[in-house]
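The next block holds one structure in the form of structure tokens; read it before the comments.
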Amino acid sequence: MPKNSKVTQREHSSEHVTESVADLLAHEEPVDYKRSVLNVTGETWDKQKDGDEDLDAENRPAWNSKLQYILAQIGEYGGARNAFFSYLCQKNGGAFCPLPGAYLVPYLVLLIIIGLPLFFLELAVGQRIRRGSIGVWNYICPRLGGIGYASCLVCFFVGLYYNVIIGWSIFYFFKSFQYPLPWSECPIVKNGSGVGEGWLLVETECERSSATTYFWYREALDISNSISESGGLNWKMTVCLLVAWSLVGLAMIKGIQSSGKVMYFSSLFPYVVLVCFLVRGLLLRGAVDGIMHMFTPKLDKMLDPQVWREAATQVFFALGLGFGGVIAFSSYNKQDNNCHFDATLVSFINFFTSVLATLVVFAVLGFKANIMNEKCVVENAEKILGYLNTNVLSHDLIPPHVNFSHLTAKDYNEMYRVIMTVKEGNFKELGLDACLLEDELNKVPVQGTGLAFIAFTEAMTHFPASPFWSVMFFLMLINLGLGSMIGTMSGITTPIIDTFKVRKEVFTVGCCIFAFVVGLIFVQRSGNYFVTMFDDYSATLPLTVVVILENIAVAWIYGTKKFMQELTEMLGFRPYQFYYYTWKYVSPICMAVLMTASIIQLGVSPPGYSAWIREEAAEKFLFYPNWAMAILICLIILASLPLPLVFILRQFHLVSDGSNALSVTYKKGRMMKDISNLEDNDETRFILSKVPSETPSPMPTHRSYLGPGSNSPMEMTNAPNGRYGSGYLLASTPE
Numbered sequence: 001m002p003k004n005s006k007v008t009q010r011e012h013s014s015e016h017v018t019e020s021v022a023d024l025l026a027h028e029e030p031v032d033y034k035r036s037v038l039n040v041t042g043e044t045w046d047k048q049k050d051g052d053e054d055l056d057a058e059n060r061p062a063w064n065s066k067l068q069y070i071l072a073q074i075g076e077y078g079g080a081r082n083a084f085f086s087y088l089c090q091k092n093g094g095a096f097c098p099l100p101g102a103y104l105v106p107y108l109v110l111l112i113i114i115g116l117p118l119f120f121l122e123l124a125v126g127q128r129i130r131r132g133s134i135g136v137w138n139y140i141c142p143r144l145g146g147i148g149y150a151s152c153l154v155c156f157f158v159g160l161y162y163n164v165i166i167g168w169s170i171f172y173f174f175k176s177f178q179y180p181l182p183w184s185e186c187p188i189v190k191n192g193s194g195v196g197e198g199w200l201l202v203e204t205e206c207e208r209s210s211a212t213t214y215f216w217y218r219e220a221l222d223i224s225n226s227i228s229e230s231g232g233l234n235w236k237m238t239v240c241l242l243v244a245w246s247l248v249g250l251a252m253i254k255g256i257q258s259s260g261k262v263m264y265f266s267s268l269f270p271y272v273v274l275v276c277f278l279v280r281g282l283l284l285r286g287a288v289d290g291i292m293h294m295f296t297p298k299l300d301k302m303l304d305p306q307v308w309r310e311a312a313t314q315v316f317f318a319l320g321l322g323f324g325g326v327i328a329f330s331s332y333n334k335q336d337n338n339c340h341f342d343a344t345l346v347s348f349i350n351f352f353t354s355v356l357a358t359l360v361v362f363a364v365l366g367f368k369a370n371i372m373n374e375k376c377v378v379e380n381a382e383k384i385l386g387y388l389n390t391n392v393l394s395h396d397l398i399p400p401h402v403n404f405s406h407l408t409a410k411d412y413n414e415m416y417r418v419i420m421t422v423k424e425g426n427f428k429e430l431g432l433d434a435c436l437l438e439d440e441l442n443k444v445p446v447q448g449t450g451l452a453f454i455a456f457t458e459a460m461t462h463f464p465a466s467p468f469w470s471v472m473f474f475l476m477l478i479n480l481g482l483g484s485m486i487g488t489m490s491g492i493t494t495p496i497i498d499t500f501k502v503r504k505e506v507f508t509v510g511c512c513i514f515a516f517v518v519g520l521i522f523v524q525r526s527g528n529y530f531v532t533m534f535d536d537y538s539a540t541l542p543l544t545v546v547v548i549l550e551n552i553a554v555a556w557i558y559g560t561k562k563f564m565q566e567l568t569e570m571l572g573f574r575p576y577q578f579y580y581y582t583w584k585y586v587s588p589i590c591m592a593v594l595m596t597a598s599i600i601q602l603g604v605s606p607p608g609y610s611a612w613i614r615e616e617a618a619e620k621f622l623f624y625p626n627w628a629m630a631i632l633i634c635l636i637i638l639a640s641l642p643l644p645l646v647f648i649l650r651q652f653h654l655v656s657d658g659s660n661a662l663s664v665t666y667k668k669g670r671m672m673k674d675i676s677n678l679e680d681n682d683e684t685r686f687i688l689s690k691v692p693s694e695t696p697s698p699m700p701t702h703r704s705y706l707g708p709g710s711n712s713p714m715e716m717t718n719a720p721n722g723r724y725g726s727g728y729l730l731a732s733t734p735e
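Residue numbers (the UniProt record's numbering): 1 to 735.
Structure follows, in structure tokens:
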């Protein structure tokens with residue numbers, strides 16, 4: 001046979017072999033080490049189980065529509081947290097609104113440089129790998145796989161106390177179906193001893209505080225004087241907590257098939273209510289005063305690290321960063337979904353929601369401040385009349401145009417200044433208040449949840465048809481909380497179900513029952529103090545660590561350039577360079593500063609809580625006792641423990657890297673894309689050897705078991721076809 005003919009025949013044969021192998025790979029599922037003849041671990045291969053895992057990614061549930069998915073992301077954490085967001089603005093004296101027309105500046109700045117980039121990052125990795133938080137971080141960097149487990153624990157801690165707030169809202173919701181509202185007036189009790197026995201008297205605790213404060217602390221919580229006084233279970237709140245967990249269980253039992261439908265109502269209804277409240281609030285007397293106060297700059301607060309720390313915490317909660325819910329929801333998307341558009345849209349809808357909620361609350365608080373200021377004017381005018389009638393004050397001190405029958409705040413302030421000037425020596429003995437509207441607006445209503453359950457409820461008692469507005473308000477809070485709880489529970493159930501292949505319905509119901517039992521600690525009479533403890537310490541610091549490690553895992557371990565290339569392939573366009581620099585430098589540095597500030601804050605300010613003292617009818621700051629400090633420290637350690645634990649176990653090869661059961665679609669797509677990019681002359685050698693430059697060996701030398709010591713699939717830059725080298729492919733046992 002001629003030499004040229006032999007060469008031609010060999011070339012055709014080589015092309016035939018290459019095409020045959022490539023065709024074979026195109027129809028072949030990636031091979032797991034357990035079915036390889038080179039399996040030296042002694043583990044048996046369960047064909048049925050392995051087949052189920054292979055089909056899992058292909059048959060993964062999907063959102064019914066893009067709207068459903070966007071509503072789920074919006075409602076995940078922005079909901080109830082944004083409803084209480086205006087409390088931060090009020091607490092920090094308008095520092096979130098330092099310049100007219102540029103309000104909420106710290107929040108907006110941190111949203112752009114931390115929130116948006118990291119939210120986009122979580123959406124992208126979830127959509128690309130199509131797994132929950134455990135599977136995603138096992139894939140990207142197995143030694144940092146503890147990120148996923150830490151996220152689950154943080155979600156569990158947050159879910160425990162968050163559902164208690166839904167329980168409180170349920171209690172107030174059912175109490176709203178009566179007129180007048182039960183918190184509009186102080187209760188009347190009989191005097192059972194001493195002088196005047198049998199007379200009707202106003203409850204002392206209520207008289208010394210206010211009707212709404214008394215109803216919150218005594219009727220709703222029946223709170224004890226300190227965290228050390230348990231006081232037993234509050235049966236009303238126990239029932240409400242059971243109802244709350246039942247609602248969450250029903251919404252979650254079928255996964256996104258059930259929770260996705262709930263999102264249509266739980267995410268949209270609150271916006272309807274907020275708009276209605278805004279319109280109603282703007283029609284109230286004094287609403288403009290409240291909104292103008294919201295825009296009043298107080299630049300001295302801008303340098304307070306606490307303001308920025310709380311703004312960053314709000315960004316984390318509003319977008320759900322680090323919780324795993326973002327990744328879980330995104331994993332149900334198609335791979336060609338434009339997650340960059342989703343990230344931008346959801347981030348700024350959350351910002352808009354924060355502004356809307358802030359406008360509503362400040363409009364209502366402006367109305368309340370005017371009511372309280374008018375009450376102050378009336379009370380002090382009566383004191384002045386008494387002093388005039390007893391000749392303590394001269395009638396000459398009263399300006400002639402002042403009419404006590406129709407006394408305005410302006411007239412009272414003028415009269416107050418005259419009396420203060422004339423009676424400078426003994427003015428304090430008169431006990432007169434200035435009754436300035438600004439002072440009322442500057443008063444922090446109460447801390448945390450008290451904004452909704454004390455300040456806002458008090459304002460609603462002055463509304464016409466107050467029961468209707470109360471029903472709408474607390475129904476809105478229930479829906480906001482339910483949307484947040486669905487995101488929180490998804491951060492637990494999705495990664496656990498993906499990783500351990502447990503039954504969705506059984507695991508969801510079991511989670512809810514277990515959480516209800518553990519959550520009984522929050523419905524004791526001292527339960528509100530435990531809610532404060534968990535809210536302050538169980539999530540903030542561990543969450544910051546989790547988000548920092550997420551950023552490092554993608555930007556520095558996997559590689560920002562490689563990740564940008566992955567996004568380009570997935571989205572069809574290259575993301576802005578802004579993300580490259582924020583992922584690699586800006587966000588890690590900002591979060592490191594935030595974490596340092598949080599640790600310093602813990603060290604400088606001893607942890608404590610505001611206790612309600614029944615005898616004094618007032619709040620008092622108390623430090624946590626030693627046993628409570630031990631619980632607090634355990635919460636922080638336990639939430640962060642998976643991070644070093646998983647790292648040590650995988651660093652010393654004590655457990656598998658956990659990345660075998662990953663998205664089949666993703667791995668096969670990567671493998672076939674890499675093969676298609678090879679030159680024809682190197683394709684056969686790529687299949688038969690580790691790298692194209694190596695000479696094919698008749699016996700595969702690549703090890704069959706990529707256990708704890710192996711690299712992550714995304715780290716194997718020298719093996720174009722990912723986890724599966726030549727040894728895997730040629731040693732595969734046919735089914």
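Note that the Cβ used here is the ideal one computed from N, Cα and C, for glycine as well. These numbers come from a predicted model, not from an experiment.
| Span of the beta strand (DSSP E) around Gly608 | 608 to 613
| said: Quick check on DSSP: helix, strand or coil for Leu201? | reply: strand
| query | If you draw a straight line from the alpha carbon of Leu432 to that of Leu250, how long is it in whole angstroms? | reply | 57 Å
| request: Note down the Cα distance separating Arg309 from Val593, rounded to an integer number of angstroms. | output: 9 Å
| message | Suppose contacts are defined by Cβ-Cβ distances below 7 Å. Is residue 771 in contact with Ser209 by that definition? | response | This structure cannot speak to residue 771, because the chain is shown only from 1 to 735.
| field | Buried or exposed by the 16-neighbour rule on C-beta atoms within 10 Å, applied to Ser133 | value | buried
| Assuming Ala455 and Lys368 make a contact with CB atoms under 8 Å, what is their CB distance in whole Å? | 7 Å
| query | Which one or two residues does DSSP pair with Leu622 in a beta bridge? | reply | Tyr609
| Three-state secondary structure (DSSP) at Val189? | strand
| said: Measuring alpha carbon to alpha carbon, tell me which residue in Leu437, Asn225, Val202, Pro187 is nearest Arg285. | reply: Leu437
| message | Rounding to the nearest angstrom, what Cα-Cα distance links Asn350 and Glu616 in this structure? | response | 40 Å
| message | In whole angstroms, give me the CA-to-CA distance for Ser331 and Thr494. | response | 9 Å
| query | Between Glu205 and the rest of its own chain, which residues show a CB-CB distance below 7 Å, the 5 nearest in sequence each way excluded? | reply | Tyr214, Arg218, Arg614, Ala617
| query | Which residue from Met372, Val402, Ile371 puts its Cα closest to that of Leu385? | reply | Val402
| query | Should the segment 269 to 286 be regarded as contacting the segment 476 to 486, the criterion being three or more beta carbon pairs within less than 8 Å? | reply | yes
| task | Under 6 Å Cβ to Cβ from Leu319, same chain only, skipping five residues before and after it: list those, please. | result | Gly115, Phe119
| field | Opening and closing residue of the alpha helix (DSSP H) in which Lys375 lies | value | 339 to 389
| query | How about Leu541 and Ser605: are their beta carbons less than 7 Å apart? | reply | no
| query | Does the pairing of the segment 144 to 159 with the segment 321 to 328 give three or more beta-carbon distances under 8 Å? | reply | yes
| To the nearest angstrom, how far is it from the Cα of Leu662 to the Cα of Gly608? | Its pLDDT being 48, under 50, Leu662 is placed unreliably in this model, and the coordinates cannot settle the point.
| Bridge partners of Leu233, per DSSP? | Gln524
| query | If you pair each beta-carbon of the segment 169 to 179 with each one of the segment 151 to 161, do three or more pairs fall below 8 Å? | reply | no
| field | Beta-carbon gap between Leu110 and Ala357 smaller than 7 Å | value | no
| task | Measuring alpha carbon to alpha carbon, tell me which of His653, Met629, Leu571, Ser587 ends up nearest Asp342. | result | Leu571
| said: Using a 10 Å radius around the Cβ and a threshold of 16 neighbouring Cβ atoms, would you call Ile227 buried or exposed? | reply: buried
| field | Asn370 to Gly281 span [Cα, whole Å] | value | 13 Å
| said: Can you look up residue 738 in the DSSP assignment and give me helix, strand or coil? | reply: Since the first residue of the chain shown is 1 and the last is 735, residue 738 is not available in this structure.
| said: Since Leu278 and Ala363 should fall inside the 8 Å C-beta cutoff, what is the C-beta to C-beta distance between them, to a whole number of angstroms? | reply: 7 Å
| said: Looking only at its chain, what residues have a beta carbon closer than 6 Å to the beta carbon of Ala62, apart from the 5 residues adjacent to it on each side? | reply: Tyr332
| task | Could you tell me the distance, in whole angstroms, from the CA atom of Cys339 to the CA atom of Ile188? | result | 58 Å
| task | Counting only the same chain and skipping the five closest in sequence on each side, list residues whose C-beta sits under 7 Å from that of His395. | result | Leu388
| task | Would you mind sorting Thr596 into buried or exposed? The rule is 16 or more other CB atoms within 10 Å of its CB. | result | exposed
| In or out: Cys186 buried (at least 16 other Cβ within 10 Å) or exposed? | buried
| request: Report all residues from its chain with a CB closer than 7 Å to the CB of Ile398; omit the five preceding and five following residues, and keep chain order. | output: Met415
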